[in-house]
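In the numbering used here, the protein residues as written are 42 to 202.
Here's the structure we're looking at; comments come further down.
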């Protein structure tokens, strides 16, 4: 499922594409920003590359800007659990930060998740990553707790029912 926002597009990443991204095997039409993928995304990409049955909706997505350039990623850590909760993460290359694209991507992905049965979204970020905390807050999540290194957020999702 491709997810569209006002200024970005989220495209699912297949296991085969994940392998190419890790190997930096860019083909015509891939249009990856020179800083993509960034270090934080390599672990989830490796997991996806090795998977055989990734969920088609609650998956990893490339985030592309209006010019079609892949500038980051968004990923669910699997489908909703037995309580309807989903966990997610995201990131943008430095050149794409600070203009609201992460908030657009997170908001759109959570709307898709809610439309497909997710009831609650959870995420965390490093305690020093204030910009990411603001993205989560602007996306409707609220801080639930802090540890010595992480800030945890959650949001009840509106399923429209």
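C-beta: ideal position from N, C-alpha, C; glycine also.
Outcome for residue i when other beta-carbon atoms lying within 10 angstroms are tallied against a minimum of 16
i, result
"residue 162", "buried"
"residue 187", "exposed"
"residue 48", "exposed"
"residue 105", "buried"
"residue 93", "exposed"
"residue 190", "exposed"
Cβ-based neighbour list, residue i, same chain, cut-off 6 Å, excluding 5 preceding and 5 following
i, result
"residue 196", "162, 181 and 182"
"residue 200", "155"
"residue 109", "72"
"residue 127", "117, 121, 154, 159 and 162"
Contact check, residue i vs residue j, beta carbons under 7 Å
i, j, result
"residue 146", "residue 83", "no"
"residue 113", "residue 132", "yes"
"residue 95", "residue 60", "no"
"residue 166", "residue 134", "no"
"residue 177", "residue 164", "yes"
"residue 136", "residue 44", "no"
"residue 157", "residue 198", "no"
The alpha helix (DSSP H) enclosing residue i, as first and last residue numbers
i, result
"residue 183", "Here residue 183 belongs to no alpha helix (DSSP H); instead the beta strand (DSSP E) covers 183-187."
"residue 138", "Neither: residue 138 is in no alpha helix (DSSP H) and is coded neither H nor E."
"residue 197", "Residue 197 -> not in any alpha helix (DSSP H); beta strand (DSSP E) instead, spanning 191-197."
Residue i versus residue j: straight-line alpha-carbon distance, rounded
i, j, result
"residue 100", "residue 117", "5 Å"
"residue 153", "residue 79", "25 Å"
"residue 184", "residue 121", "20 Å"
"residue 53", "residue 115", "9 Å"
"residue 70", "residue 139", "26 Å"
"residue 77", "residue 168", "24 Å"
Span of the beta strand (DSSP E), counted from its first residue to its last, around residue i
i, result
"residue 167", "161-167"
"residue 76", "Taken as a continuous stretch (DSSP letters only), residue 76 belongs to no beta strand (DSSP E), as it is neither H nor E."
Near the ligand PLP: residue i beta-carbon under 6 Å from a heavy atom
i, result
"residue 197", "For the ligand PLP, the structure offers nothing, since it holds no ligand at all."
Residues near residue i by beta carbon distance below 7 Å, same chain, minus five either side
i, result
"residue 63", "83, 86, 87 and 90"
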